[in-house]
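A quick write-up on the structure given underneath.
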Amino acid sequence: MKSTYRRTVATCITLLALLFAPVARAAALEVTTSFSILGDFVRQVGGERVAVRVLVGPNEDTHGYQARPSDARAIGKAGLVVANGLGFDDWIVRLAKSAGFRGTVVIASANVRTLAMTHADGDAGDGGGTDRGIDPHAWQDVANAQRYVLNIADALVAADPAGAAVYRTNAARYTGQLKALDAEIRAALASLPASRRKVVSSHDAFGYFARAYDIRFLAPVGVSNNAEPTAQGVAQLIRQVRAEKVPAVFLENIADPRLIERIRSESGARVGGTLYSDALSAANGAAPDYLSMMRHNLQRLLEALALR
Ligand SMILES: [Zn+2]
4 MKSTYRRTVA TCITLLALLF APVARAAALE VTTSFSILGD FVRQVGGERV AVRVLVGPNE
64 DTHGYQARPS DARAIGKAGL VVANGLGFDD WIVRLAKSAG FRGTVVIASA NVRTLAMTHA
124 DGDAGDGGGT DRGIDPHAWQ DVANAQRYVL NIADALVAAD PAGAAVYRTN AARYTGQLKA
184 LDAEIRAALA SLPASRRKVV SSHDAFGYFA RAYDIRFLAP VGVSNNAEPT AQGVAQLIRQ
244 VRAEKVPAVF LENIADPRLI ERIRSESGAR VGGTLYSDAL SAANGAAPDY LSMMRHNLQR
304 LLEALALR
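Numbering (my numbering), first residue to last: 4 to 311.
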């Protein structure tokens with residue numbers, strides 16, 4: 004009798020678990036986004052109400068990304084698509100159109116303070132963008148990241164009004180963390196003398212960081228990371244690194260290290276480590292989210308540039 008009762012209770016619990024488990028797991032909104040940094044912003048604001056699919060994974064290069072058939076299927080199922088814009092990921096906008104996506108494609112960088120490209124080769128994003136001449140790496144200025152978060156929150160509220168309170172609360176909390184990060188970067192770099200505020204990175208991804216935090220970045224490759232630098236351009240950069248006594252060159256998580264190795268060996272500068280430019284690390288890496296990415300970059304810069 005007792006064991007029958009137990010079995011009945013166990014069966015009921017199993018049935019209840021089956022009934023509620025999918026409900027507890029199912030997100031209110033599926034969001035597809037181009038790259039990992041945007042994926043993190045969407046998760047920070049969306050919390051458990053959103054299921055986020057990122058098409059370009061950790062440590063991968065978004066410039067000129069070749070979409071796969073599974074990407075079109077992911078967009079077809081999405082309730083919202085989030086793109087960076089500024090010519091960085093125009094392919095996701097085209098993909099949404101060709102996949103018959105009828106929802107909103109939100110441009111996360113809308114209304115950020117943009118920056119004109121300064122690189123001599125005039126390389127423009129993926130070359131097919133509508134924003135030629137604008138540097139797309141706007142997230143590297145934490146003030147701009149706050150604008151991204153606001154834009155993403157607005158888009159989530161519009162796509163899923165029932166979650167408005169959750170999205171606004173999460174956005175406010177995360178914006179507070181971004182403001183603290185911005186102040187932390189400024190305070191940490193404040194003591195560096197002007198003569199130490201210059202480094203070399205693989206591609207021109209740190210223009211916004213440079214403007215916001217007053218560090219000069221030199222790069223052998225333009226904004227898009229696709230173009231091959233000319234031998235003449237590399238030789239000129241090596242001369243400049245020597246002449247200006249640039250303290251350090253940096254590898255990038257998305258770029259081939261060989262060119263930077265060559266610049267290091269021929270200029271005498273030292274390698275200051277790896278900077279995260281256009282993609283986060285894997286979950287078990289050094290920069291699994293935006294806050295840790297910016298803190299990782301800050302620490303590498305401080306170690307390489309501080310006077311010793
Ligand atoms: Zn880039």
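A virtual CB, placed ideally from N, CA and C, is assigned to each residue, including glycine. None of the values given here were measured: they were computed from a predicted structure.
Practice task
Work out the CA separation of R10 and A258 for me, nearest whole Å.
Solution key: Going by the C-alpha atoms only, they are around 59 angstroms apart.
Which residue spans inside the segment 198-234 form an unbroken beta strand (DSSP E) run of at least 3? Listed in chain order, they are 201-203, 219-221.
Between N228 and ligand 1, is there a pair consisting of the residue's CB and a ligand heavy atom that are separated by less than 7 angstroms?
Within the cutoff, so yes.
Does the Cβ of S268 lie closer than 7 angstroms to at least one heavy atom of ligand 1? no
Check: Who are the near neighbours of A309 in its chain, counting only those whose CB is closer than 6 angstroms to its CB and skipping five residues on each side?
Finding: Exclusion of the five residues before and after A309 leaves no residue of its chain whose Cβ lies closer than 6 angstroms to its Cβ.
Residues near Y211 by beta carbon distance below 8 angstroms, same chain, minus five either side
Taking C-beta separations shorter than 8 angstroms and ignoring five residues to either side along the sequence, the partners of Y211 in its chain run L118, D138, H140, A141, W142, Q143, D144, N147, following chain order.
Check whether P223 and A307 have beta carbons under 8 angstroms apart: no
Just checking D144 against ligand 1 - is the residue's beta carbon closer than 7 angstroms to any of the ligand's heavy atoms?
Taking the Cβ of D144 as the reference point, every heavy atom of ligand 1 lies at 7 angstroms or farther away.
- Report yes if the C-beta of A272 is less than 7 angstroms from at least one heavy atom of ligand 1; otherwise report no. It does not: the Cβ of A272 is nowhere closer than 7 angstroms to a heavy atom of ligand 1.
Could you tell me the distance, in whole angstroms, from the CA atom of S112 to the CA atom of M120? 16 angstroms
Checklist line | Proximity below 8 angstroms, CB of V59 to CB of V34 | finding: no
Backbone CA spacing between A208 and S280 [nearest angstrom]
6 angstroms
Suppose the cutoff is 8 angstroms on Cβ atoms and the five residues either side in sequence are ignored; what does the same chain contact list for R303 look like?
F253, G275, G276, T277, L278
Taking C-alpha atoms, which residue in M297, L240, N287 lies nearest to E269?
L240
inquiry  = Just verifying my parser: in three-state terms, what is the DSSP assignment at A174?
reply    = helix
Q.
Is H299 near ligand 1 - that is, is its Cβ less than 7 angstroms away from at least one heavy atom of it?
A. False, no ligand heavy atom lies under 7 angstroms from that Cβ.
Going by C-alpha to C-alpha distance, which of V48, Q69, A286 sits closest to Y177? V48
Notebook entry, point to check: Helix, strand or coil: how does DSSP classify F91 here?
Noted result: coil
Inset, instruction - Check each candidate in N287, P164, A230 and name the one with the smallest Cα separation from A31. - result: When each option's Cα is compared against that of A31, the closest is P164.
*Given L181, which residues of its chain have a CB within under 6 angstroms of its CB, disregarding the five upstream and five downstream residues?*
For L181, the CB contacts under 6 angstroms within the same chain, skipping 5 residues up- and downstream, are V145, A148, Q149 in chain order.
What is the DSSP secondary structure of L301, reduced to helix, strand or coil? helix
Report task. Assign D93 to one of two classes, buried (16 or more other C-beta atoms within 10 Å of its C-beta) or exposed (fewer than that). Result -> buried
Legend entry - Same chain, Cβ closer than 8 angstroms to R189, neighbours up to 5 away in sequence not counted: Y216
Through-space distance from Y8 to A286, alpha-carbon basis:
45 angstroms
Which same chain residues end up closer than 8 angstroms to G88 when comparing Cβ atoms and leaving out the 5 residues on each side of it in sequence? I110, A111, S112, A113, D134, P139
Given D126, which residues of its chain have a CB within under 6 angstroms of its CB, disregarding the five upstream and five downstream residues? Caution is warranted here: a pLDDT of 42 is assigned to D126, below 50, making its placement in the model unreliable, and the coordinate value is therefore given only provisionally. Within the same chain, D126 has close Cβ partners G225, V226, S227, A230.
query: In this structure, does DSSP put F38 in helix, strand or coil?
result: strand
Item to check | Nearest neighbour of A168, chosen from G50, L305, S39 [CA to CA] | outcome: For A168, the closest of G50, L305, S39 by C-alpha to C-alpha distance is G50.
Task: Integer Cβ distance of L159 from Y151, believed to fall under 8 angstroms - done: Actually they are not in contact, since the Cβ atoms of L159 and Y151 sit about 12 angstroms apart, beyond 8 angstroms.
| request: Name the residue from A29, G42, T36 whose alpha carbon lies nearest to the alpha carbon of S284. | output: G42
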